[in-house]
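For the sequence shown, the residue numbers in the working numbering are 2 to 159. Where is the CB? At the ideal position from N, CA and C, for every residue including glycine. To start, the structure under review is shown below, and the notes come after it.
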Amino acid sequence: RGGRFAVRLRAETNPEREALTEVPIFDYDESWVIEGRYTAFAEPQHVEVGTIRPDLRQRIWAFGEVEFTAGEETQKLVATSIRSGLGVEFYDPTNGVETEAWRQLKFDDPDPEGRVRLDFTYASNMWFAFTPYATCPAPLPDNRVSVAVRAGERRPTL
């Protein structure tokens with residue numbers, strides 16, 4: 002990662018993983034299923050972001066922006082692709098207390114008019130929520146939802 006080599010050891014079993022029986026979630030709230038508008042960049046952009054590790058940066062692809070309304074405020078997030086499909090990594094005021102340092106939301110490709118369905122009830126923790134060995138890419142600094150997103154996965158208790 003980040004131009005450096007690493008060795009990852011994998012165990013067939015792990016007591017912490019086996020003890021985790023569920024990831025806590027917020028109660029379902031349909032108001033967090035939001036229609037947004039996706040606008041693609043003229044060309045995808047290869048952007049550098051931080052990671053959960055302060056000594057490591059990564060480059061990811063940014064493809065466009067998603068604009069939507071939450072908390073009666075217009076929100077705008079840069080859409081990226083990690084592994085597959087479009088998604089957003091985002092910060093919100095719940096981070097570090099009710100949720101991890103950030104979360105991720107995947108969404109389907111936009112329709113021909115650029116509409117996307119952002120179902121924040123599927124906002125999920127990234128790998129760093131479950132292991133100290135992850136190197137998850139952080140959101141772009143401006144990928145902030147200004148209101149508390151109390152939907153999707155909460156901070157797990159390990």
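State buried or exposed for residue i, treating a residue as buried only when at least 16 other CB atoms are found within 10 Å of its CB.
{"i": "glutamine 46", "result": "exposed"}
{"i": "glutamate 154", "result": "buried"}
{"i": "tyrosine 134", "result": "exposed"}
{"i": "glutamate 36", "result": "exposed"}
{"i": "valine 67", "result": "buried"}
{"i": "valine 50", "result": "buried"}
{"i": "glutamate 101", "result": "buried"}
{"i": "valine 98", "result": "exposed"}
{"i": "arginine 104", "result": "buried"}
{"i": "threonine 122", "result": "buried"}
Hey, quick one: how far does the beta strand (DSSP E) through residue i stretch, first residue to last?
{"i": "proline 45", "result": "34 to 51"}
{"i": "valine 117", "result": "116 to 120"}
{"i": "glycine 65", "result": "58 to 71"}
{"i": "glycine 88", "result": "87 to 91"}
{"i": "serine 147", "result": "Unbroken run through serine 147: none, as it is neither H nor E."}
{"i": "serine 82", "result": "74 to 82"}
{"i": "arginine 104", "result": "104 to 108"}
Quick one: what's got a C-beta closer than 6 Å to residue i's C-beta in the same chain, skipping five residues either side?
{"i": "lysine 107", "result": "Gly86, Gly88"}
{"i": "serine 82", "result": "Trp62"}
{"i": "glutamine 76", "result": "Phe69, Val146"}
{"i": "threonine 40", "result": "Gly65, Glu66"}
In chain order, what residues of the same chain lie with their CB nearer than 8 Å to the CB of residue i, ignoring the 5 residues before and after it?
{"i": "alanine 43", "result": "none"}
Please report the Cβ distance between residue i and residue j, rounded to the nearest whole angstrom; I am assuming they are in contact, meaning their Cβ atoms lie under 8 Å.
{"i": "alanine 149", "j": "glutamate 90", "result": "17 Å between Cβ atoms; not a contact."}
{"i": "cysteine 1", "j": "isoleucine 53", "result": "Coverage of the chain is limited to positions 2 through 159, which leaves residue 1 absent and any answer about it impossible."}
{"i": "arginine 1", "j": "valine 79", "result": "Past the edges of the chain, shown from 2 to 159, lies residue 1, and the structure says nothing about it."}
Among the residues of its own chain, which have a CB less than 7 Å from the CB of residue i, if the five just before and after it don't count?
{"i": "proline 113", "result": "none"}
{"i": "alanine 152", "result": "Phe27, Asp30, Trp33, Phe121, Thr122, Ala124"}
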